[in-house]
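Note sheet for the following structure.
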Amino acid sequence: MVKRKRSTISLEVEKPKQEENILPLVRASDEPLTKKAKWINKQRVLVFAARGITQRDRHLMVDLRDMMPHSKTESKFERKDPLFVINEICEMKNCSKCIFFEGRKKQDLFLWLANVPKGPSAKFYIENVHTMKELKMTGNCLKGTRPLLSFDSSFDTQPYWSLLKELMTQIFSTPKNHPKSQPFFDHVFTFTIIENRIWFRNFQILEEDGQLAEIGPRFVLNPIKVFDGSFGGETIWENPNYVTPNAYRRMLNLQTGLKYRQKIEQKLSLAARQPTGDLYDIDALDEEVFEDKNPTQIANEVINQRIDDGKKKKKEKKRKNKNTTTGKKSGRDMFQEILADSDDE
Numbered sequence: 066m067v068k069r070k071r072s073t074i075s076l077e078v079e080k081p082k083q084e085e086n087i088l089p090l091v092r093a094s095d096e097p098l099t100k101k102a103k104w105i106n107k108q109r110v111l112v113f114a115a116r117g118i119t120q121r122d123r124h125l126m127v128d129l130r131d132m133m134p135h136s137k138t139e140s141k142f143e144r145k146d147p148l149f150v151i152n153e154i155c156e157m158k159n160c161s162k163c164i165f166f167e168g169r170k171k172q173d174l175f176l177w178l179a180n181v182p183k184g185p186s187a188k189f190y191i192e193n194v195h196t197m198k199e200l201k202m203t204g205n206c207l208k209g210t211r212p213l214l215s216f217d218s219s220f221d222t223q224p225y226w227s228l229l230k231e232l233m234t235q236i237f238s239t240p241k242n243h244p245k246s247q248p249f250f251d252h253v254f255t256f257t258i259i260e261n262r263i264w265f266r267n268f269q270i271l272e273e274d275g276q277l278a279e280i281g282p283r284f285v286l287n288p289i290k291v292f293d294g295s296f297g298g299e300t301i302w303e304n305p306n307y308v309t310p311n312a313y314r315r316m317l318n319l320q321t322g323l324k325y326r327q328k329i330e331q332k333l334s335l336a337a338r339q340p341t342g343d344l345y346d347i348d349a350l351d352e353e354v355f356e357d358k359n360p361t362q363i364a365n366e367v368i369n370q371r372i373d374d375g376k377k378k379k380k381e382k383k384r385k386n387k388n389t390t391t392g393k394k395s396g397r398d399m400f401q402e403i404l405a406d407s408d409d410e
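Here the sequence shown is numbered in this note's numbering, starting from 66 and rising by one per residue.
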């Protein structure tokens with residue numbers, strides 16, 4: 066087959082159309098870059114901990130980090146360094162908020178929520194920690210989805226509660242159109258005030274009518290202080306009902322040792338009430354004459370008497386058996402028979 070050649074006329078017609086669609090390849094350096102206007106809130110949260118936290122505390126930190134797609138990580142913070150160094154770390158990481166975990170004595174866990182670099186910041190003591198791996202709840206949600214924040218109405222009663230509400234809203238809320246987030250809501254963060262403590266729960270939204278299923282984790286925040294600056298500064302508010310964990314453990318130890326102390330006090334009072342001096346042993350002879358026997362002594366005497374009676378009975382039976390077998394009478398029996406015959410005459 067012979068290939069058909071293209072006509073030169075068609076090429077001449079197509080050339081001006083291609084030249085019209087060509088775009089310029091050179092851009093001026095002064096022209097600004099085109100940015101996406103949707104992602105406006107670019108707050109990032111730095112979530113990390115100091116050295117010395119336990120395994121459960123580290124799992125709690127990882128759970129919070131997974132639920133917040135706008136969070137960033139950092140290596141462990143040295144305990145010898147002052148806390149205001151965290152502001153420089155947040156600046157290097159381009160983070161405007163910070164969640165910092167601080168452990169003490171391998172059993173106490175403290176939480177810092179801070180707005181970097183100007184503040185305010187709040188310090189909490191974490192109680193009743195339960196991670197996702199411990200709970201194994203039925204609820205579930207996709208990773209990276211945006212959460213709904215639900216606050217108790219009691220947050221509006223006091224100014225310091227409203228300040229903590231605003232701080233938590235800015236930290237835990239995922240920015241809209243974040244590159245690592247999903248564009249829908251499927252779980253809820255609830256913050257409830259009970260007994261001057263903030264109870265945190267995470268629920269899955271099952272249906273639109275309000276049915277929920279808990280996912281986890283769960284913990285309780287006991288507020289200690291609120292500072293004007295970031296990780297320090299002037300104290301705005303201090304919790305008057307807060308008891309340090311060391312003082313609480315000391316109270317428990319005192320309660321357990323109270324019984325032992327009461328026994329010792331009873332012994333000392335008994336010794337103080339007993340008479341002392343020269344007249345203490347004046348009735349010693351009366352006690353020896355009219356001494357009451359102990360129950361153990363009485364029981365021993367009764368047992369010994371029964372043993373003696375049993376031995377006597379055995380001896381009498383042996384004598385009788387011997388007399389019946391040999392047919393001989395003892396001297397005592399013969400004497401009794403002679404006396405009986407004399408009485409008859």
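Backbone N, C-alpha and C define an ideal beta-carbon position, used for all residues, glycine too.
N-terminal and C-terminal residue of the alpha helix (DSSP H) that residue i is part of
i: His124; result: Gln120 to Met132
i: Pro224; result: Pro224 to Phe237
i: Ala337; result: Leu323 to Arg338
i: Gln308; result: Correcting the residue identity first, residue 308 is Val in this sequence and not Gln. Note, Val308: premise wrong, no alpha helix (DSSP H); not H, not E.
i: Cys155; result: Val150 to Met157
i: Glu199; result: Met197 to Leu200
Residues of its chain near residue i, where Cβ-Cβ distance is below 7 Å and the 5 sequence neighbours each way are ignored
i: Tyr307; result: Asn287 and Ile289
i: Ser75; result: Since pLDDT at Ser75 reaches only 49, below the 50 mark, its modelled position is unreliable, and the value read off the structure follows with that caveat. The answer is none, since no qualifying residue turns up.
i: Gly298; result: Gly184 and Phe292
i: Asp221; result: Ser227
i: Lys103; result: Asn242
i: Asn86; result: none
i: Ser136; result: Val110, Val112 and Arg130
i: Glu77; result: In this predicted model, Glu77 has a pLDDT of only 48, less than 50, meaning its place in the structure is not dependable; the value taken from the coordinates is given anyway. Same-chain partners within the cutoff: there are none.
Spatial neighbours of residue i in its chain, beta-carbon cut-off 6 Å, leaving aside the 5 residues before and after
i: Phe296; result: Leu148, Phe149, Ile151, Ala179 and Ser186
i: Ile258; result: Asp217 and Ser219
i: Asn318; result: none
i: Ser215; result: Val253 and Thr255
i: Ile372; result: none
i: Asp274; result: none
i: Gly294; result: Gly184
Nearest candidate by alpha-carbon position, reference residue i, set the options
i: His124; options: Glu272, Met197, Gln223 and Lys332; result: Met197
i: Gly117; options: Phe142, Ala312, Lys385 and Glu260; result: Phe142
i: Lys158; options: Val285, Lys387, Leu228 and Lys107; result: Lys107
i: Glu272; options: Asn261, Arg266, Pro282 and His252; result: His252
i: Gly204; options: Tyr313, Glu366, Pro282 and Ala364; result: Pro282
i: Lys245; options: Ile280, Met132 and Gln331; result: Met132
i: Ile280; options: Lys230, Glu260, Met202 and Tyr225; result: Met202
i: Thr138; options: Lys145, Asp146 and Ile154; result: Ile154
i: Trp17; options: Pro224, Asp146 and Arg169; result: Residue 17 lies beyond the stretch modelled for the chain, which goes from 66 to 410, so this question has no answer here.
i: Thr309; options: Gln320, Lys230, Thr361 and Lys188; result: Lys188
Contact set for residue i: own chain, Cβ-Cβ below 8 Å, skip 5 residues either direction
i: Ser140; result: Phe113
i: Pro305; result: none
i: Lys171; result: Gly117 and Thr119
The ligand FMN heavy atom lying under 7 Å from the CB of residue i
i: Asp293; result: The model depicted lacks the ligand FMN and carries no ligand whatsoever.
Residue i vs residue j beta-carbon contact at 8 Å
i: Gly184; j: Pro134; result: no
i: Thr250; j: Ile270; result: Note that residue 250 is Phe in the sequence shown here, rather than Thr. In contact: Phe250 and Ile270 (Cβ atoms closer than 8 Å).
i: Ala278; j: Phe265; result: no
i: Ile191; j: Phe254; result: no
i: Thr239; j: Arg211; result: yes
i: Val194; j: Asp122; result: yes
i: Pro182; j: Glu199; result: no
i: Leu213; j: Gln247; result: no
Boundaries of the beta strand (DSSP E) in which residue i is found, first to last residue
i: Ser246; result: Counting along the chain, Ser246 falls outside any beta strand (DSSP E), and DSSP gives it neither H nor E.
i: Thr300; result: Gly297 to Glu303
i: Arg283; result: Arg283 to Gly294
i: Leu178; result: Asp173 to Asn180
i: Lys162; result: Lys162 to Arg169
i: Asn267; result: Arg262 to Ile270
i: Thr203; result: First-last for Thr203: undefined, no H or E at that position.
i: Thr138; result: Premise fails: Thr138 is in no beta strand (DSSP E) and is neither H nor E.
i: Glu143; result: Unbroken run through Glu143: none, as it is neither H nor E.
i: Phe216; result: Thr210 to Phe216
i: Ala278; result: Leu277 to Glu279
i: Ser114; result: In the sequence on display, residue 114 carries Ala and not Ser. Run containing Ala114: Val110 to Ala114, per the beta strand (DSSP E) assignment.
Determine contact between the segment 174-192 and the segment 318-325, defined as no fewer than three beta-carbon pairs at a distance below 8 Å. Because the criterion of three Cβ pairs below 8 Å is not met, the segment 174-192 and the segment 318-325 do not touch.
Does the segment 150-166 come close enough to the segment 102-116 to have 3 or more Cβ pairs within less than 8 Å? A contact exists between the segment 150-166 and the segment 102-116.
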